[in-house]
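Here the structure comes first, spelled out in structure tokens, and everything after it is commentary.
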């Protein structure tokens, strides 16, 4: 990723590791989601509410490149590779110091309260870097 849209620093929690102290593989997505939500909140974009719906995931992928352990300080770097009519493709990297430990993507879809896709409005699109 050339220039991340957002950076989120955190530390690997004990509860996100397995018996060997390694970050358990699905935990990566919790850290990416925390970064995504922090970015959206900072830009006044609602993650979810019962009346207006949210952004459920429809596809995820991740390449694990280096181990991460309990207590490691990491930085989640987020970018957006594609903005569709109702979908958004996030790209992410998780860095520990100078090492990229994980990289992948998450596709979300903007939906209404009953799960039907909604067009991403112009104001949201502008914040996300689309036209």
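Residue numbers (my numbering): 6 to 136.
We put the beta carbon where it would ideally sit given N, CA and C, even for glycine.
Note that the structure is predicted; figures quoted are calculated from it, not measured.
Does the distance from the CB of residue i to the CB of residue j come in under 7 Å?
i           : j           : result
residue 64  : residue 40  : no
residue 82  : residue 6   : yes
residue 114 : residue 122 : yes
Which stretch, first to last residue, makes up the beta strand (DSSP E) that contains residue i?
i           : result
residue 113 : 104–114
residue 63  : 62–69
residue 82  : 78–88
Can you give me the start and stop residues for the alpha helix (DSSP H) that residue i sits inside?
i          : result
residue 33 : 32–47
Under the three-state reduction of DSSP, which class applies to residue i: helix, strand or coil?
i           : result
residue 20  : helix
residue 96  : strand
residue 123 : coil
Go ahead and label residue i buried or exposed: buried means 16 or more other beta carbons lie within 10 angstroms of its beta carbon, across all protein chains shown.
i          : result
residue 58 : buried
residue 99 : buried
residue 74 : exposed
residue 44 : buried
In this structure, what does DSSP give as the bridge partners for residue i?
i           : result
residue 101 : 104
residue 14  : 80
residue 53  : 59
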